[in-house]
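I have placed the structure first, in the form of structure tokens, so that the comments after it can refer back to it.
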Amino acid sequence: MTADVDATVLAGAPLAAEIREGVRKRVALLRERGIVPGLSIVTVGEPPSGNPYVRSKCRAAEEVGARARVTRLAPDVSESTLRATLREISADRSVHGVILQLPIPAPLRDEQHLEDIDPEKDVDGIHPLNVGRWVNGLTAHRPATPLGIVELLHRHAGDLAGKHAVVVGRSRIVGRPLSVFLSERTRGMNATVTLCHSETRDLASYTTRADVLIVAMGRRRAIGAAEVRPGAIVIDVGIHPVEHPVPGGPKYEGDVDYEAVRRVASAITPVPGGVGPLTVAMLLSNLADAAERSAGPAATS
Ligand code: NDP
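Right under this line is the structure:
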């Protein structure tokens, strides 16, 4: 099939590079005051080959001048050991950001252990105290992926006031917070939001009415051209390794069928290179916020 017009590609990397450069400068100022922002990630049952998301967070932190370290716990770690580990790391003054890499294996429960992290150091923005604060429009760490998507929409989608944003997926770290941020009574937001999930009946009846469609389902190529309103802005959060990659071909794909949807959408994020780089950049920004808050105001001469 040929297309009359292809969608604008919303590359996240240039915006992410700008944000990271801003963070690098903030970290340099902190270092001048003797403070090196520290990120500490706790993983449970990480495979011997490592976790690529964890690696990329550590590398990105080090690139902006922060310190990063990973504490790897066995898959059968007890609840009490995980709790003690998170509390001990949270109490370490050289650590400004603590991440419990999710998901953690059952019978451990995310919600129980997120409370073991100091909310000031919860750079993922999902401690119940932070969630309560951002739901109420108060200053708090906010989850990085939705923050990155909001930045991208600010830059490329104009004012969302009155527009219909459909979010597919209600996860703790992506869909649910994004639905809150998009509907906030703040400049550029004020969208009318529909939040869909696996129990939504006739998903396409919602997605085809979206001015802005954000897909965070964790289902490879689940959204095709027939599920998208012509002219919509499509943000694809999903990321999956291609099952049978061909040499020189793409290695990853998203929750959206990119080749089909780019022919009906007005703008679309690529996978990889769309939302992913922004997630990491916003995480670094949260880390810089945490380190600056713990350092207090710089002395003026
Ligand atoms: P989760 O698996 O936690 O949540 C998926 C959501 O999609 C759930 O709310 C689920 O509904 C919903 N869902 C699943 N199937 C359907 C369906 N058929 N119809 C409608 N809704 C459905 O995923 P995450 O939010 O953590 O991640 C989503 C994707 O984004 C993954 O591919 C992940 O790898 C990727 N990701 C990418 C990031 C990035 O930086 N690029 C960051 C974070 C995630 P229910 O709640 O009813 O189960």
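According to the numbering used here, the sequence shown holds residues 36 to 336 in order.
Don't be surprised by glycine CBs; every beta carbon is placed ideally from N, CA and C.
Bear in mind that the values here come from a model prediction, so they are computed numbers and not experimental data.
Note down the Cα distance separating residue i from residue j, rounded to an integer number of angstroms.
i: T37; j: R298; result: At T37 the pLDDT is 44, less than 50, meaning the model places this residue with poor confidence; the figure from the coordinates comes in the next sentence. Taking the straight line joining both Cα atoms gives about 8 Å.
i: V247; j: R220; result: 17 Å
i: W169; j: V269; result: 25 Å
i: S218; j: S84; result: 40 Å
i: A200; j: V209; result: 14 Å
i: L182; j: D159; result: 11 Å
i: A48; j: G309; result: 7 Å
i: L213; j: V58; result: 23 Å
i: N171; j: M224; result: 15 Å
i: F216; j: V185; result: 8 Å
i: L45; j: A119; result: 42 Å
i: R128; j: P178; result: 23 Å
i: T314; j: T180; result: 4 Å
i: P305; j: V112; result: 37 Å
i: Y241; j: T229; result: 8 Å
i: A239; j: R256; result: 14 Å
i: L173; j: H148; result: 23 Å
i: S125; j: R205; result: 28 Å
i: G259; j: N321; result: 34 Å
i: M252; j: E98; result: 31 Å
i: H162; j: D145; result: 10 Å
i: H232; j: I70; result: 43 Å
i: R61; j: E234; result: 44 Å
i: L318; j: A101; result: 12 Å
i: N165; j: V281; result: 44 Å
What I want to know is whether the C-beta of residue i ends up closer than 6 Å to one or more non-hydrogen atoms of the ligand NDP.
i: I274; result: yes
i: H279; result: no
i: G204; result: yes
i: C93; result: no
i: L135; result: no
i: T304; result: no
i: A251; result: yes
i: V310; result: yes
i: H232; result: yes
i: T229; result: no
i: L238; result: yes
i: R244; result: no
i: T78; result: no
i: T314; result: yes
i: R254; result: yes
i: V351; result: Residue coverage of the chain in this structure runs from 36 to 336, which leaves residue 351 outside it and unanswerable.
i: T180; result: yes
Is residue i buried or exposed, if buried means 16 or more other CB atoms sit within 10 Å of its CB?
i: L64; result: exposed
i: Q136; result: buried
i: H279; result: exposed
i: E344; result: The question about residue 344 has no answer here: the residues shown for the chain are numbered 36 through 336.
i: E262; result: buried
i: R244; result: exposed
i: K156; result: buried
i: G311; result: buried
i: P154; result: buried
i: D237; result: exposed
i: L142; result: The displayed chain sequence assigns Pro, not Leu, to residue 142. Label assigned to P142: exposed.
i: P72; result: buried
i: D151; result: buried
i: R90; result: exposed
i: K92; result: buried
i: G283; result: exposed
i: V277; result: exposed
i: G266; result: exposed
Beta-carbon of residue i versus every beta-carbon of chain D: anything under 7 Å?
i: V77; result: Annotation note: the requested chain D is absent from the structure, which comprises a single protein chain.
Query raised in the report: Residue ranges of each alpha helix (DSSP H) run of no fewer than 4 residues wholly in the region 105-169, ordered along the chain?
Result: DSSP runs (the alpha helix (DSSP H)) wholly in the region 105-169: 114-126, 145-149.
Query raised in the report: Taking three-plus beta-carbon pairs below 8 Å as touching, is the region 310-325 in contact with the region 188-205?
Result: Touching, no, given that fewer than three Cβ pairs across the two stretches are closer than 8 Å.
Report task. Starting from the N-terminal side, write out each stretch of the beta strand (DSSP E) that is 3 residues or longer and does not extend beyond the region 255-301. Result -> Counting only runs of 3 or more, we get 268-271.
Query raised in the report: Is the number of C-beta pairs between the region 71-91 and the region 133-149 that are closer than 8 Å three or more?
Result: Contact between the region 71-91 and the region 133-149 is present: 3 or more CB-CB pairs across the two stretches fall below 8 Å.
Query raised in the report: Is the region 270-277 touching the region 285-298 in the sense that three or more CB pairs, one from each, lie closer than 8 Å?
Result: Remark: three or more beta-carbon pairs, one from each stretch, lie closer than 8 Å, so the region 285-298 and the region 270-277 are flagged as touching.
Requested in this report: Enumerate, from N- to C-terminal direction, the unbroken beta strand (DSSP E) stretches of 3 or more residues contained entirely within the region 208-264.
Outcome: Residue ranges of uninterrupted beta strand (DSSP E) with 3 or more members, entirely inside the region 208-264 and ordered along the chain, are 227-231, 247-250.
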